[in-house]
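Numbers in my numbering are just positions in the sequence shown, counted from 1, shifted up by 303.
Idealized CB from N, CA, C, for every residue including glycine.
Since we're looking at a predicted model, the values are computed, not measured.
The structure appears below as structure tokens.
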Amino acid sequence: MNHHERHLPLDLSYNLRDAGGYTTGDGRRVRWRRLLRSDSLHALTPAGQQTLRDHGLRTIIDLRRPSETVRKPNVFASAGQPIYRNLPMFDDASAAAIDAPATTLEELYVRLIDMCRPQLHTIMTAVVAASSAPLLVHCAVGKDRTGLVVALTLGALGVDEPTIAGDYALSYARLAPLFDIERPTIAAERRARFERMILSPHTTMQHTLGYLAGQYGGIIGYLEAIGIGAAQIETLRANLLERA
Numbered sequence: 304m305n306h307h308e309r310h311l312p313l314d315l316s317y318n319l320r321d322a323g324g325y326t327t328g329d330g331r332r333v334r335w336r337r338l339l340r341s342d343s344l345h346a347l348t349p350a351g352q353q354t355l356r357d358h359g360l361r362t363i364i365d366l367r368r369p370s371e372t373v374r375k376p377n378v379f380a381s382a383g384q385p386i387y388r389n390l391p392m393f394d395d396a397s398a399a400a401i402d403a404p405a406t407t408l409e410e411l412y413v414r415l416i417d418m419c420r421p422q423l424h425t426i427m428t429a430v431v432a433a434s435s436a437p438l439l440v441h442c443a444v445g446k447d448r449t450g451l452v453v454a455l456t457l458g459a460l461g462v463d464e465p466t467i468a469g470d471y472a473l474s475y476a477r478l479a480p481l482f483d484i485e486r487p488t489i490a491a492e493r494r495a496r497f498e499r500m501i502l503s504p505h506t507t508m509q510h511t512l513g514y515l516a517g518q519y520g521g522i523i524g525y526l527e528a529i530g531i532g533a534a535q536i537e538t539l540r541a542n543l544l545e546r547a
């Protein structure tokens, strides 16, 4: 299934994708329509909302900061169903240190890995707990914070690194129309950073996975370091994998 089929084309959502269908080293496959990833859902139309409900969506994990959720509230935040959980990867007070103006994507992801370990423990615990039914993880554009959480999840499931990097790399093509809308609003002094940070090249995720390998022994080692145990990883696999 190619990235066009993987993409769920809902009105006013640019980067809503299914992370299913990827195979693992032991010959299993990630279940379709069980792990979704997306950009902000603040503008999702009623028809789009119903489509997600029809898919059986049970839980939404919103990784955005409090100020982001105030400016652009998730349309499901007060709906009751699906369950909505705002679990920021970092808060407003930490944003300047984590995402400084001169930061590259590679530096950003390393900082998220090292500086957000308690938050990532909470987030990954929530992913495991919600994995028995369809769940969706999102941030603002579904590329950076979401990309890291999905990479950790796919790695825990046994998906290989080239596939994880390939899934990450799909974001830019999906988001290009949104970035075209935003580009004229970006101040001249911020334009270079904007163009640098909107990308999602394979090499960036490859660098991130290499950092995890060098510092933590890989994704499983990192998950163990932040307190995600073997039993939780087995639960995740039991819930999200099927025989290929």
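Three-state class that DSSP yields for residue i in the structure shown
| i | result |
| --- | --- |
| ILE529 | coil |
| VAL430 | helix |
| ALA547 | coil |
| ASP314 | coil |
| MET304 | In this prediction, MET304 scores a pLDDT of 43, lower than 50, which makes its location untrustworthy; the coordinate-derived value is nonetheless stated afterwards. In the structure shown, MET304 sits in coil (DSSP, three-state: anything other than H, G, I, E or B). |
| VAL453 | helix |
Among the options, nearest to residue i - alpha-carbon criterion
| i | options | result |
| --- | --- | --- |
| ASP357 | GLN384, THR406, ILE364 | GLN384 |
| TYR468 | GLY450, PRO480, ARG388, ALA396 | Per the sequence shown, the amino acid found at residue 468 is Ala instead of Tyr. Nearest C-alpha to ALA468: GLY450. |
| GLY461 | ALA479, GLY324, ALA346 | GLY324 |
| GLN352 | GLY524, ARG448, LEU315, PHE393 | LEU315 |
| MET427 | TYR514, ALA459, ALA346 | ALA459 |
| ILE364 | PRO465, SER434, ALA528 | SER434 |
| ARG331 | LEU457, GLU527, ARG499 | LEU457 |
| THR466 | LEU539, THR326, ASN318, ILE531 | THR326 |
| PRO560 | ALA400, ALA476, PHE393 | Outside the shown range of the chain, which is 304 to 547, sits residue 560, and nothing can be said about it. |
| VAL452 | ARG496, TYR525, SER370, ARG494 | TYR525 |
| ALA495 | LEU439, LEU347, PRO404 | PRO404 |
| TYR317 | LYS446, ARG499, GLU498, LEU544 | LYS446 |
| ASP402 | ARG388, MET418, ASN389 | MET418 |
C-beta atoms of residue i and residue j nearer than 8 Å
| i | j | result |
| --- | --- | --- |
| ARG337 | PRO437 | yes |
| SER313 | THR354 | Reading off the sequence, residue 313 comes out as Leu, not Ser. For LEU313 and THR354, yes; Cβs fall inside 8 Å. |
| HIS441 | ARG334 | no |
| TYR519 | ALA533 | no |
| Any 3 or more C-beta pairs closer than 8 Å across the region 477-494 and the region 362-381 | no
| message | Within 8 Å, do at least three Cβ pairs link the region 501-512 to the region 404-414? | response | yes
| request: Could you pull out every unbroken beta strand (DSSP E) segment of at least 3 residues lying fully inside the region 493-519, listed in chain order? | output: none
| task | Report the residue ranges of all beta strand (DSSP E) runs contained in full by the region 304-386; include only those spanning at least 3 residues, in chain order. | result | 331-333, 338-341, 362-365
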